[in-house]
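Structure first, then comments.
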Amino acid sequence: MPAQIRDVMPAFELFQPASVSDALGVLDRHGADAWVMAGGLDTFDWLKDRIRRPKVVVDLSRVAELRGIKEANGGLEIGAMTTLTEVSHNQMVKERYALLAEAAGLVASPQIRNQGTMGGNVSQDARCWYYRAGWPCYRAGGNICYADTPTAVNREHAIFDADRCVAVNPSDTAPALIALDAQMVINRAGSELVVPAQDFFVGPEVDITRLTMLQPGDLLTAVRIPGTWAGKSFYFEKVRDRQVWDFALVNIASAINAAGNSISEARLVVNGVAARPYRLEAVEAFVRGKGRDEQTAEQAGELAVQGAVPLRHNAYKVPLMKALVKRAIRGAAAWNS
Amino acid sequence: MEFVNWALSPWGENILVRISWDLFWASLVGGILFLVAHGGYMLFSPHHKREAGEVDRMEAAMPGLPAAIPRHSFVARIFHWVMAFSMLALVFTSFLPVVGIKFAWVYWHWMAGILLTGSIIFHIIHATFFLDFWSIWVGPKDIPEAKAEMMREFGIDAPGPKPGKYPLGNRLYHLAVLVAGLGAIGSGLLMMSRVRTPIFERNPYLMGDAAYGFTYVLHGLTGVGFVGLIIAHIYFALRPEKFWITKSMIFGTISRRQYLEHHDPERWAASK
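Quick mapping for you: the protein sequence lines, in order, are chains A and B.
Position in the first sequence (first residue = 1) + 26 = the working numbering.
Position in the second sequence (first residue = 1) + 46 = the working numbering.
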């Protein structure tokens, strides 16, 4: 087998538009040949490994209108090019949506958070190494999942909703945004499309080559967080192999509206267990009206992992997820038991 | 236009992956063009059936014929519609995502495939032991009928033989569906070894990459073939001069005059 050249990017035409309309114009002209680059952290992996060879790269770093956090309809609007550091340090985010601030603050390392963006973090591609290595798997347009074979190394892969592909969504902010009932603002063919964060992410059963609903030509411009969940009780935890810098093995984001010790409403989302952030709607329904106590936490944990189908090397995710759900229900008392 | 997609395996080998979706569009457009061309032709050249006077004479000569002649038994009709339903489900679940309508299609696709497989197995047993097995097949003996039918299609009142139970077009279509159907079912069952189902233990190593590639290509070719075949079938089923056949697939019978107009009583003896 001939040696593959790595670490040197293939040639492409670089566009650095200064406005959203300019960016959309370039995307419209080049369609599927164009690659949208936000912070570049996902992009440069693909390009330097020479797995992806776009003809055109559209660097959004000079589009000022995509940056910043502002008040919007009782909530917040976060520009897609706002860095994760800005999100995690922003006072409004910390006061109202500490869940998101915490999730953004746990992404990778400080250097990466300085460069990585909100839009990039939710739009990043799967980290399955068979896929990232350029093997012709389902996600790459082939007809096999190399991670779901009897001899595969699949410790980080899915335990839910696998459909041919067993890759998982690697984002830390995605589950937080779904828990906060955020909306994603997409510019598609010149018109604004606003979709719930939950519907922004897609599983392999619907589209096996994408993790989000973004199509060629689409531009994610902002994330809107409604005021509904501002200041509620939040819980975020990320479990990873290396505490200093790693993707989540499993993470959990929860937003709970509690009256006294009783849960009136809850949203719980786990990532790292399926190709899309996995919302625990059965658990949410179960805990509604129940006390926020050990018994509820225990039962919620059991309920959360029903239907899990572990692969050869990732059965540990089942008890891990169960434990995270229990902690999320316990909330502030998570570590007391 | 591409015919097949290739990929580089982890071992550096070029392997077939699947057919190019260009072929789906080719089959769709080809089917529609055929429909338009045939429909246009038929506007000016109606198919010739047996003359009314001759039918009158035959009717008088065969006074024992019932008014309604059974053409398809209840069981045969149930099979036909179950197969039609599963075929349409298979085609729509496979090609709607290709045209941009995204949904969780794999589950419905293999379920429809299992339904089709079951119905075909049933049909083979039913046709072998309970129907006139050879009445649907075509062979060299049908060449005179093919020539006569061709002349009639061109508007010439040809004296050649009339069909038995099934017109030549029906039998040729059955043969095409048989070939495409068995190819789709065989390849589909092998492809299910890579999908999680409650039916098979998933085994992605059942065959090598190259063998899977050919299997996917075969499945794709039969699939796009069915796009054209289904367009043609629905078109002919709805054509005014063929609609009596479609009605017989719903109600099971044809009229005595339709029997005499379109069939050769010596090749298909009507039952009472």
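Glycine included, every Cβ here is placed at the ideal spot set by N, Cα and C.
Predicted model only: the values in this text are computed from it and were never measured.
Any C-beta of chain B under 8 Å from that of residue i
| i | result |
| --- | --- |
| A/G333 | no |
| A/I170 | yes |
| A/A223 | no |
| A/A354 | no |
| A/V232 | yes |
| A/W72 | no |
| A/A184 | no |
| A/D207 | no |
| A/A188 | yes |
| A/T235 | no |
Buried/exposed call for residue i, threshold 16 Cβ in 10 Å
| i | result |
| --- | --- |
| A/A129 | buried |
| A/Q321 | exposed |
| A/A326 | buried |
| A/Q224 | buried |
| A/D151 | buried |
| A/A215 | exposed |
| A/Q332 | exposed |
| A/A60 | buried |
| B/I65 | buried |
| B/W52 | exposed |
| B/K208 | buried |
| A/D187 | buried |
| A/V194 | buried |
| B/I245 | exposed |
| A/E231 | buried |
| A/N99 | exposed |
Cutoff 7 Å; reference residue i; Cβ partners in own chain excluding five residues on either side
| i | result |
| --- | --- |
| A/N140 | T109, T111 |
| A/L337 | D174, N180, H183, V192 |
| A/R153 | P196, F273 |
| A/Y156 | C163, Y172, A173 |
Within-8 Å CB hit, residue i to chain A
| i | result |
| --- | --- |
| B/L54 | yes |
| B/K288 | no |
| B/G298 | no |
| B/A150 | yes |
| B/P244 | no |
| B/V241 | yes |
| B/V121 | no |
| B/I65 | no |
| B/P250 | yes |
| B/Y281 | no |
| B/Y262 | yes |
| B/Y258 | yes |
Residue i to residue j span [Cα, whole Å]
| i | j | result |
| --- | --- | --- |
| B/A122 | B/L218 | 18 Å |
| B/A222 | B/S119 | 23 Å |
| B/N60 | A/R122 | 54 Å |
| B/F179 | B/S73 | 31 Å |
| A/V309 | A/L294 | 8 Å |
| B/E48 | A/A58 | 18 Å |
| B/F289 | B/L228 | 28 Å |
| B/F176 | B/L81 | 35 Å |
| A/T235 | B/I167 | 35 Å |
| B/S239 | B/N249 | 5 Å |
| A/K348 | A/S149 | 27 Å |
| B/P286 | B/I296 | 16 Å |
| A/K352 | B/R242 | 30 Å |
| A/L203 | A/F227 | 11 Å |
| A/G101 | A/L125 | 14 Å |
| B/G86 | B/I78 | 12 Å |
| B/P213 | B/H309 | 8 Å |
| A/D68 | A/S45 | 22 Å |
beta-carbon residue i near the ligand NAD non-hydrogen atom, thresh 7 Å
| i | result |
| --- | --- |
| A/Q209 | The model on display carries no ligand, and the ligand NAD is accordingly not part of it. |
Proximal residues to residue i (C-beta, below 6 Å), its chain only, five neighbours per side dropped
| i | result |
| --- | --- |
| A/I104 | I95, M144, V249 |
| A/Q42 | D85, R88 |
| A/D134 | Checking the sequence shown, residue 134 of chain A turns out to be Ala, not Asp. Taken in chain order, the residues that qualify are W271. |
| A/R79 | P36 |
Beta-carbon proximity list for residue i, same chain, < 8 Å, skipping 5 on both sides
| i | result |
| --- | --- |
| B/L136 | H155, A158, G159, L162, A230, G269, F272 |
| B/F260 | L62 |
| B/P205 | A194 |
| A/K343 | I185, L275, V276, G298, V299, A334, P336 |
Practice task
Quick one: which unbroken beta strand (DSSP E) runs of 3-plus residues sit fully inside the segment 279 to 312 of chain B? Chain order, please.
Solution key: Listed in chain order, the beta strand (DSSP E) elements of length 3 or more contained wholly in the segment 279 to 312 of chain B are 299 to 301.
Problem - Contiguous beta strand (DSSP E) assignments of at least 3 residues, all confined to the segment 199 to 261 of chain B - result: With a minimum length of 3 residues, no continuous beta strand (DSSP E) run stays inside the segment 199 to 261 of chain B.
Handout entry: 4-residue-minimum alpha helix (DSSP H) runs that sit fully inside the segment 66 to 147 of chain A, ordered along the chain
Key = Counting whole runs of 4 or more residues, the segment 66 to 147 of chain A contains the alpha helix (DSSP H) stretches 67 to 74, 110 to 115, 117 to 122, 124 to 131, 136 to 141.
Practice task
Run through the segment 162 to 205 of chain A for me and flag every whole beta strand (DSSP E) of 3 or more residues, listed as ranges in chain order.
Solution key: None, since the segment 162 to 205 of chain A contains no complete beta strand (DSSP E) of that length.
Handout entry: Completely contained alpha helix (DSSP H) runs for the segment 138 to 172 of chain B, where each covers 4 or more residues
Key = The qualifying runs do not exist here; there are none.
Exercise for the section: Any chance you could list the beta strand (DSSP E) runs of at least 3 consecutive residues sitting entirely within the segment 218 to 294 of chain A, in chain order? Expected result: Entirely contained in the segment 218 to 294 of chain A, the beta strand (DSSP E) runs reaching 3 residues are, in chain order, 245 to 251, 259 to 265, 276 to 285.
Problem - Unbroken stretches of the alpha helix (DSSP H), 4 residues or longer, contained in the segment 51 to 102 of chain B - result: With a minimum length of 4 residues, the continuous alpha helix (DSSP H) runs that stay inside the segment 51 to 102 of chain B are 68 to 90.
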